[in-house]
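Residue numbers (our numbering): 1 to 256.
Built from N, CA and C at the ideal position, the CB exists for glycine as well.
To start, the structure under review is shown below, and the notes come after it.
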């Protein structure tokens with residue numbers, strides 16, 4: 001069992017330059033990285049797969065499979081080298097480049113995002129802020145001056161911006177996405193509550209806080225219904241649903 005540094009061709013488990021990772025694995029790598037940074041800050045040099053899995057909130061078998069895609073198998077009886085695994089994951093995620101990000105929309109949410117110090121420690125740099133509101137243009141936030149959206153192409157080229165964050169109202173989001181794409185941005189993080197249409201080759205990640213709250217509301221509703229269900233009678237305990245539907249149990253009642 002061994003761990004190899006990125007690009008180290010001396011071992012058979014070296015990390016490939018562009019590993020073909022399952023999307024589910026890619027989604028979990030940032031969680032592993034967060035847990036590893038916390039372990040490093042606490043003074044841990046090594047960590048077992050069970051310990052890292054617990055810190056990241058996944059099962060250890062899934063974690064070992066994910067890390068095997070990186071060529072990292074740990075050392076029997078020792079575990080994973082924390083610093084080396086941080087280096088491997090950051091390499092695969094491309095965080096060694098400290099990517100420049102443009103934020104469009106400096107309302108309440110955008111203002112908060114622009115002032116968030118955590119981006120810098122995670123491998124990103126907010127390089128430019130944009131808005132279409134003349135009253136916002138010229139405002140200074142966290143050391144950056146808000147530029148007019150019309151200046152996006154020139155600034156995106158000068159700052160080598162490939163990632164854009166949209167924090168505008170939904171009505172403006174598609175137009176902003178079009179402008180970002182036209183300026184050469186190929187990855188977008190969308191906080192606006194809408195679906196964006198982008199060309200092939202442009203990646204979009206959507207963050208909708210209302211949807212996340214609605215999902216939590218379902219779980220709250222389900223827990224409440226489980227504690228208030230009457231004992232099943234001769235009819236099998238049918239549960240009435242809106243619209244005249246009915247089901248015999250909570251799983252069927254939610255349309256599974």
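{"Item": "Stretch-stretch touch, CB-based, cutoff 8 Å, three pairs: the region 132-146 with the region 190-208", "Value": "no"}
{"Item": "Bounding residues of the beta strand (DSSP E) (the contiguous stretch that carries residue 261)", "Value": "With the chain covering 1 to 256 only, the question about residue 261 has no answer from this structure."}
{"Item": "Inside the region 192-227 only - beta strand (DSSP E) runs reaching at least 3 residues", "Value": "203-206"}
{"Item": "Extent of the continuous alpha helix (DSSP H) to which residue 66 belongs", "Value": "60-68"}
{"Item": "Residue 75 burial status per 10 Å Cβ neighbour count (16 or more: buried)", "Value": "exposed"}
{"Item": "Boundaries of the beta strand (DSSP E) in which residue 131 is found, first to last residue", "Value": "124-131"}
{"Item": "Residue burial classification, residue 214 (beta-carbon count within 10 angstroms, cutoff 16)", "Value": "exposed"}
{"Item": "Helix, strand or coil at residue 144 according to DSSP, with G and I counted as helix", "Value": "strand"}
{"Item": "Cα-Cα separation, residue 20 to residue 123", "Value": "21 Å"}
{"Item": "Euclidean distance between Cα positions of residue 155 and residue 221", "Value": "48 Å"}
{"Item": "Backbone secondary structure at residue 101 - three-state DSSP", "Value": "strand"}
{"Item": "Residues near residue 56 in its chain [Cβ-Cβ closer than 6 Å; skip 5 each side]", "Value": "31, 32 and 35"}
{"Item": "Counted within 10 angstroms of its Cβ, other Cβ atoms place residue 39 as buried (16 or more) or exposed", "Value": "buried"}
{"Item": "Local conformation of residue 190 per DSSP, three classes", "Value": "strand"}
{"Item": "Run of the alpha helix (DSSP H) containing residue 111, from where it starts to where it stops", "Value": "108-114"}
{"Item": "Extent of the continuous alpha helix (DSSP H) to which residue 30 belongs", "Value": "23-41"}
{"Item": "Three or more C-beta pairs below 8 Å linking the region 58-66 and the region 78-96", "Value": "no"}
{"Item": "Closest Cα partner of residue 23 within the set 66, 37 and 43", "Value": "66"}
{"Item": "Separation of residue 28 from residue 179, as counted between CA atoms", "Value": "31 Å"}
{"Item": "Given residue 194 as reference, the closest of 184, 210 and 49 once Cα atoms are compared", "Value": "210"}
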